[in-house]
Every structure is written in C-alpha cells, then in structure tokens.
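Enquirer: Got a structure for you, written out below as structure tokens; questions coming shortly.
In the UniProt record's numbering, the protein residues as written are 1 to 390.
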C-alpha cells in the first residue's frame with residue numbers, strides 16, 4: 001500500500017520553492033481563492049510537474065482538494081497527465097493516483113469527466129481495477145464494477161469539501177456526459193485483480209471480486225498457494241511484526257483463506273468449492289511460509305481436515321517445518337507446535353532423512369523450546385489417557 005505523506009509535508013515542500021510552483025503551493029495551502037486568481041492571470045503553467053508530487057492536478061489529489069481539481073480541469077489542465085513516477089516511480093495518471101490513495105470522490109469525478117481510465121506508464125501492465133484491488137480500495141473497486149447502477153452525483157462529493165456554488169457550476173460544465181461501465185482491459189484483468197487483493201490480504205476486496213466475477217478451480221487454487229508465501233500489507237506501510245498487526249494480520253488471513261476455500265467453482269454439475277478437496281488442504285499446509293501471521297490460516301486448514309502428519313514434497317511433516325523455522329517464528333514456534341500437536345501431530349514420525357520432530361528440536365531449538373515441546377507431549381498424552389479411562 002502506497003505511503004501517503006501528510007498535508008504538512010507536501011505544504012513544506014512547496015513553501016521552500018514557492019516562486020517555482022505557485023499553483024502547487026496554493027493547492028497545498030487549501031487556498032482555492034488564490035488558485036483561481038492565479039489561473040485567471042493565465043501566466044502560470046497549469047501542467048508544470050514537480051519531480052515528487054507531479055502536476056497541480058496530482059497535488060489536488062494528494063492533498064484531498066476536490067474544488068481545486070475542478071478549477072484546474074475547467075482551465076484546461078491535462079486530466080490524463082502522468083506524474084513521471086512521482087513518489088516511487090509509479091507514473092500515475094490523476095485517476096490512477098486517486099484510486100491508489102483511496103480518494104473515492106475524485107475517482108468518480110474524473111471518471112465522469114471521461115478521462116482515459118487506463119492511461120499509465122508504458123512499462124506498467126497493472127490495470128485500474130488491479131490497482132484498486134492491490135491497494136485494498138474495496139469501495140472504489142465496487143464502483144468500477146457497478147458504475148451505471150450508482151446514484152452518486154458530484155454534489156455528494158462536494159459536500160465533503162469546502163466547495164461553493166462556483167465549484168458546483170464548474171462540475172456541471174465538466175460532467176455532462178453519460179456514465180459508462182468499466183471495460184475489462186483484457187481477459188485476465190479480473191484474475192490478476194483477485195491475485196493482487198489476496199496477496200496483500202484484503203478479504204473484503206476479495207469478497208467483492210468473488211461476488212461479481214466467476215473464477216475457476218485452477219484460478220482459486222493458484223491464488224491460495226501464492227498467498228501461503230505472502231504477508232499482509234497495512235495502511236501507511238511500516239513493519240507488520242508488532243503485536244497488534246500480527247493479531248490483525250492473522251485474523252485477516254483466516255477470513256481470506258476461508259473465503260477462497262468456500263468460493264463456488266462448480267459448473268453445470270453443481271456447486272462445490274476448492275476446500276472440499278482434502279489433497280488441496282494438505283498441499284496448502286506444506287506451502288505455508290512460516291510467519292506469525294499464518295497461525296490463523298494453519299488453524300483453519302487443520303479444522304477443515306488437513307492431516308498434520310502427512311509428508312510434504314520435502315519429506316517433512318508440518319511440525320518438522322515449524323521447529324526448523326524457529327528463527328522466522330520466534331516465540332510463536334511454541335504456539336504453532338502446540339496447535340499442530342492438539343490436532344494430532346506426532347513427535348515420533350521420521351522425515352525422509354530419518355529425523356523425528358523431537359530429533360530436530362534437539363538440533364535446532366534452544367533448551368527452553370525443547371522442554372516446552374516435551375511438556376506439550378506429556379500434557380497431551382495425559383489428556384488422551386483421561387479420555388480413554390472415561
């Protein structure tokens with residue numbers, strides 16, 4: 001997810017170079033009156049590009065100034081201009097930037113202006129639908145798939161800003177055209193949209209795609225196995241490894257995988273889901289790249305019937321992999337081991353090299369972890385014996 005600078009950061013940049021970028025500065029200040037005065041002189045380059053934040057129209061999106069965007073568009077600003085890779089080499093058009101930043105009302109205004117929805121850097125193959133999916137912009141993605149059924153008007157957007165009657169008049173001039181549906185750019189457009197949303201762990205976005213688009217068993221399985229090697233993204237970037245984010249990521253992962261496992265991939269023969277296949281569940285267990293965020297996913301797969309004692313292609317069981325991955329899991333190794341053992345994982349089954357999980361614990365884990373695993377085994381044995389005696 002793209003990092004969004006604060007309005008103060010953007011303002012500071014243009015205060016330093018105010019003589020070079022007066023239009024940019026007036027927008028960053030939120031001063032629509034000054035902007036209109038500058039535009040009226042017709043002496044400033046309305047499409048002048050700042051290396052970091054792009055043209056004035058891009059700055060209006062960065063700073064969430066919809067009236068400024070309307071004034072710029074009326075005075076002839078290029079509504080399809082690329083920002084030359086501003087803010088990370090992404091080369092966004094205004095509508096693409098608005099989608100990426102989650103500026104829903106800007107997306108709708110630009111869409112109704114009739115902008116080129118697929119204007120982008122020639123080297124960038126990601127479509128507008130896929131940008132919305134990959135950034136987790138669920139409402140915008142729903143809009144793209146549902147334009148003509150939407151009763152939205154520009155007045156709804158202006159209500160969220162300091163727009164005046166003049167902005168409304170400008171909007172009426174600019175937006176007098178029939179709304180059109182989103183056109184899928186190529187046949188794989190929806191497939192990659194699902195992949196990007198799933199790889200970033202946005203279950204609500206995935207839910208919209210599953211409701212509106214039909215996917216095959218092969219497509220859903222491909223996404224599932226790729227998710228096993230990914231980690232969640234979070235608003236504003238930053239580390240995903242602090243406690244609250246691990247808990248949030250684990251919950252998102254559980255919801256995401258449950259949704260994909262239950263997606264209907266049936267055809268004329270009836271309704272059925274990828275999660276109905278035990279071999280798929282076993283394969284997903286072994287495809288998990290161990291991180292703390294995956295504990296929820298592992299729990300779900302075990303509940304669905306994945307066998308914790310089935311060998312993977314590397315000749316190991318899931319418990320073997322958890323123990324040798326202690327460096328990646330840290331203190332969560334104990335939690336993963338306990339989860340697997342509660343679902344029947346055994347310490348005495350050898351892998352292809354002849355090592356049991358307990359052998360690997362002695363080779364790879366610290367003394368505390370070895371003792372914890374041994375205590376888990378004893379505790380589970382006692383519970384099992386108590387059940388037999390009853």
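Backbone N, C-alpha and C define an ideal beta-carbon position, used for all residues, glycine too.
Predicted model, so just to flag it, every value in this text is computed and none were measured.
Note down the Cα distance separating residue 301 from residue 113, rounded to an integer number of angstroms.
Expert: One C-alpha to the other measures close to 47 angstroms.
Enquirer: What do you reckon, are the CB atoms on residue 135 and residue 128 nearer than 8 angstroms?
Expert: In this structure, residue 128 does not lie closer than 8 angstroms to residue 135 by Cβ.
Enquirer: Could you name the residues that DSSP lists as bridge partners for residue 54?
Expert: DSSP, once it has assigned bridges, lists 50 as partnering residue 54.
Enquirer: Can you list, in chain order, the residues of its chain whose CB lies under 7 angstroms from that of residue 305, leaving out five sequence neighbours each side?
Expert: Closer than 7 angstroms at the Cβ level, and outside the excluded window around residue 305, lie 278, 281.
Enquirer: By DSSP's criteria, residue 120 is part of a beta bridge. Which residues make up the other side?
Expert: Partner(s): 92.
Enquirer: Determine the DSSP secondary structure at residue 351, reduced to helix, strand or coil.
Expert: It is coil, neither helix nor strand.
Enquirer: Verify whether the separation of the beta carbon atoms of residue 196 and residue 133 is less than 8 angstroms.
Expert: Closer than 8 angstroms, so yes.
Enquirer: Which partner residues of residue 273 appear in the DSSP bridge assignment?
Expert: According to DSSP, residue 273 bridges with 264.
Enquirer: Do you know whose CA, among 28, 248, 54, 222, lies nearest residue 203's CA?
Expert: When each option's Cα is compared against that of residue 203, the closest is 248.
Enquirer: Shortest alpha-carbon distance to residue 194 belongs to which of 246, 137, 181?
Expert: Checked all of 246, 137, 181; the closest Cα to residue 194 is 137.
Enquirer: Confirm, please, whether the CB-CB distance from residue 69 to residue 106 is below 8 angstroms.
Expert: Contact: yes.
Enquirer: If we count the other Cβ atoms within 10 Å of its Cβ and call it buried at 16 or more, is residue 46 buried or exposed?
Expert: Buried: at least 16 other Cβ atoms inside 10 Å.
Enquirer: Can you tell me which of 287, 61, 108 puts its alpha carbon nearest to the alpha carbon of residue 92?
Expert: If we check each option's Cα against that of residue 92, 61 comes out closest.
Enquirer: Tell me whether residue 196 sits in a helix, a strand or coil according to DSSP, three-state version.
Expert: DSSP places residue 196 in helix when its eight states are reduced to three.
Enquirer: Would you say residue 277 faces chain D, with C-beta separation under 8 angstroms as the test?
Expert: Structure shown: chain D not included; a single protein chain is present.
Enquirer: Relative to the alpha-carbon of residue 7, which residue among 255, 123, 18, 25 has its alpha-carbon at the smallest distance?
Expert: Among 255, 123, 18, 25, the Cα nearest to that of residue 7 belongs to 25.
Enquirer: Do residue 208 and residue 100 have their C-beta atoms within less than 8 angstroms of each other?
Expert: No, Cβ-Cβ distance for residue 208 and residue 100 is not below 8 angstroms.
Enquirer: Taking the C-alpha atoms as reference points, what is the distance between residue 181 and residue 361?
Expert: Going from the Cα of residue 181 to the Cα of residue 361 covers about 58 angstroms.
Enquirer: Check whether the Cβ atoms of residue 299 and residue 339 lie closer than 8 angstroms to each other.
Expert: Result yes, Cβ atoms of residue 299 and residue 339 sit closer than 8 angstroms.
Enquirer: When you compare each of 222, 63, 190, 50 to residue 210 by their alpha carbons, which one comes out closest?
Expert: Taking only the C-alpha atoms, the option nearest residue 210 is 190.
Enquirer: Could you check if residue 27 belongs to the surroundings of the ligand ZN, using beta carbon to heavy atom distance under 7 angstroms?
Expert: Ligands are entirely absent from the displayed structure, and the ligand ZN is therefore not among its contents.
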